[in-house]
Every structure is written in structure tokens, then in C-alpha cells.
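Residue numbers for the sequence shown follow the numbering used here, so the first one is 116 and each next one is one higher.
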Amino acid sequence: MQRIKRLRVFAGPNGSGKSTVYQDVKKYFREIPFINADEIESHIAKFKLIDLAKYNLSLTSADFTKFLKRKEAKSLFEKATQEGHTIDLVLRENCIVDESNKIHSYEASLIAAFIRWAMYMNGNGFSFETVMSHKSKLRELADAKKKGYRIYLYFVCIDNPEINIERVKDRVKKGGHNVNSVKLRARYLNTLQNLYPAVKLAYKVFLFDNSEKIPELVAEIENEKMKINTNSLPNWFYNFVLPYYD
Numbered sequence: 116m117q118r119i120k121r122l123r124v125f126a127g128p129n130g131s132g133k134s135t136v137y138q139d140v141k142k143y144f145r146e147i148p149f150i151n152a153d154e155i156e157s158h159i160a161k162f163k164l165i166d167l168a169k170y171n172l173s174l175t176s177a178d179f180t181k182f183l184k185r186k187e188a189k190s191l192f193e194k195a196t197q198e199g200h201t202i203d204l205v206l207r208e209n210c211i212v213d214e215s216n217k218i219h220s221y222e223a224s225l226i227a228a229f230i231r232w233a234m235y236m237n238g239n240g241f242s243f244e245t246v247m248s249h250k251s252k253l254r255e256l257a258d259a260k261k262k263g264y265r266i267y268l269y270f271v272c273i274d275n276p277e278i279n280i281e282r283v284k285d286r287v288k289k290g291g292h293n294v295n296s297v298k299l300r301a302r303y304l305n306t307l308q309n310l311y312p313a314v315k316l317a318y319k320v321f322l323f324d325n326s327e328k329i330p331e332l333v334a335e336i337e338n339e340k341m342k343i344n345t346n347s348l349p350n351w352f353y354n355f356v357l358p359y360y361d
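Dropping the structure here:
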């Protein structure tokens with residue numbers, strides 16, 4: 116019997132509580148590597164490297180060079196340059212080493228993208244976190260499905276992006292990752308516009324609203340059939356999910 120390759124995607128606007136939902140639900144499935152660019156950025160800031168063995172990977176500098184020629188890698192280099200950042204990473208002894216003076220989100224995103232690429236190439240099951248505000252993430256999910264992955268989408272949202280902004284500010288006070296408020300507002304709408312296309316690619320979908328203090332599982336979707344779990348539906352669900360279902 117062929118092994119099922121599972122991909123668990125925790126998606127939603129910045130500050131929605133994706134990591135919180137991941138911590139809540141991970142006990143319900145077999146432990147697999149979790150790829151989170153924010154965690155990678157924090158780890159490299161402290162230790163200057165990421166050990167790929169943590170993700171059950173054994174890779175070489177040739178693998179990294181091959182990845183850096185890909186479109187998604189070149190795009191991250193371009194964005195970093197536009198904002199005045201440099202990316203100075205090498206792969207040495209199965210570790211990604213940061214040789215720059217200052218880690219930034221583009222380096223962390225590049226490392227996360229490289230690890231995901233290697234996972235796909237090896238056919239490994241894993242989880243990852245994404246804002247999903249760019250069409251490239253939809254292409255990545257479509258490619259994963261073609262490679263035989265069974266995609267589980269855990270989408271987390273808040274009804275008002277201004278709440279997201281306040282939660283990000285609170286996160287920064289606690290030492291967490293900051294996101295520019297203008298970018299966050301723009302990404303919020305882009306993420307919701309990408310939601311239904313992502314739903315169509317997924318084997319099973321869990322939709323959470325985190326507008327209050329505790330994330331609420333609003334609905335589940337499987338085989339194009341939706342089960343609604345609450346009588347209090349958020350506006351984002353009304354506007355970006357419900358119109359596609361009878």
C-alpha cells in the first residue's frame with residue numbers, strides 16, 4: 116500500500132493566530148516537521164544557523180545552489196534588494212549558516228522555502244505556516260497536489276484587520292516578529308481572495324475565526340461538502356467562503 120504524503124498548511128493573515136491554532140491541533144495528528152519562517156528568523160538571530168536534521172533532511176551545498184536558481188528564490192532576492200537587505204546564506208555540514216550581520220524576514224523566508232522544496236523533492240510529510248497572500252502559494256499547493264500530497268488546510272482569520280494590527284503590535288512587545296501595518300492591510304484582502312482557490316486544492320479544510328479570545332472552528336469542508344459548526348458566522352466567512360456553497 117502506497118504511503119500517504121500529508122501536507123498540513125496553516126494559513127491566514129498576519130496576526131490571526133496561526134501558530135496558536137497549530138499548537139492546539141497538532142496533538143491530533145502524527146508529529147511531522149513544522150516549517151515556520153518566524154521561528155526560523157528567531158532561531159537564526161540567536162544561533163546563526165539552522166540544522167536541517169531538525170527537519171529530517173540531509174542536504175548539500177549543491178542542493179542549495181540548485182534551489183537558488185529557482186524562480187521563488189530569485190524573487191525573494193529581488194524583494195530583499197529593493198528594501199535594502201542582503202541575503203548571505205551558505206549550506207555547510209547540513210546546516211544553513213547566516214553569514215550576514217543581521218537576519219531579516221527575507222532570509223528566513225528563503226530558508227523556509229528551501230526546506231519546503233527539499234521536503235517536496237524527498238516526498239516527506241510536513242506542516243508549514245503561510246500568510247498565503249501571494250498567488251505563488253497557490254501554485255505551490257497545486258504542485259504539491261500533483262506530487263501526490265494530501266493537503267489539509269487550516270485557515271485562521273479575524274473579522275477586522277485592525278485587530279490583526281493590534282495583535283502584531285502586542286506580539287512585538289513580547290519579542291515577536293513585526294509586520295508593517297500598510298503591508299498587513301493589503302495582505303489581509305489578498306489572503307482572503309486566495310482562500311477559495313486554496314480550498315479547492317485541499318483534501319480537507321478547517322476554517323477558524325479568531326476575532327475573540329479563543330479560536331473558534333467555524334466550518335469544515337471535505338469532498339466539496341461543508342459542515343458549519345456555529346450560528347455566529349464572521350463577515351469574512353460570509354463574503355469569501357459562503358457564496359461558493361449552497
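Backbone N, C-alpha and C define an ideal beta-carbon position, used for all residues, glycine too.
Asked	Found
Boundaries (first-last residue) of the alpha helix (DSSP H) holding Asp285	Pro276 to Lys288
Glu222 burial status per 10 Å Cβ neighbour count (16 or more: buried)	buried
Bridge partner(s) assigned by DSSP for Glu337	Lys319 and Lys340
Other residues of its chain near Val314: CB distance less than 7 Å, five sequence neighbours each side excluded	Leu268, Val320 and Ile336
Same chain, Cβ closer than 7 Å to Lys163, neighbours up to 5 away in sequence not counted	Val212 and Asp213
Segment limits, beta strand (DSSP E) that includes Arg121	Lys120 to Ala126
Reduced DSSP category for Val297 - H, G, I as helix; E, B as strand; rest coil	helix
Every unbroken alpha helix (DSSP H) within the stretch 121-186, with a cutoff of 4 residues, ordered by chain	133-140, 152-162 and 176-183
Cut-off 8 Å between Cβ atoms - residues of its own chain near Asp178, not counting five sequence neighbours on either side	Leu206 and Ala233
Residue burial classification, Arg123 (beta-carbon count within 10 angstroms, cutoff 16)	buried
For Ile273, the residue or residues it bridges with in DSSP	In the DSSP output, where bridge partners are listed per residue, Ile273 has none listed.
Cut-off 7 Å between Cβ atoms - residues of its own chain near Thr180, not counting five sequence neighbours on either side	none
Contact check, Ile273 vs Ile218, beta carbons under 8 Å	no
Classification of Glu255 by the beta-carbon crowding that lies within 10 angstroms, buried from 16 upward	buried
CA-to-CA distance, Phe243 to Glu281, given in whole angstroms	24 Å
Of the residues Asn338, Phe270, Arg121 and Phe323, the one placed nearest Thr306, counting alpha carbons only	Phe270
Contacting residues, own chain, Cβ-Cβ under 7 Å from Lys288 (five flanking each side not counted)	none
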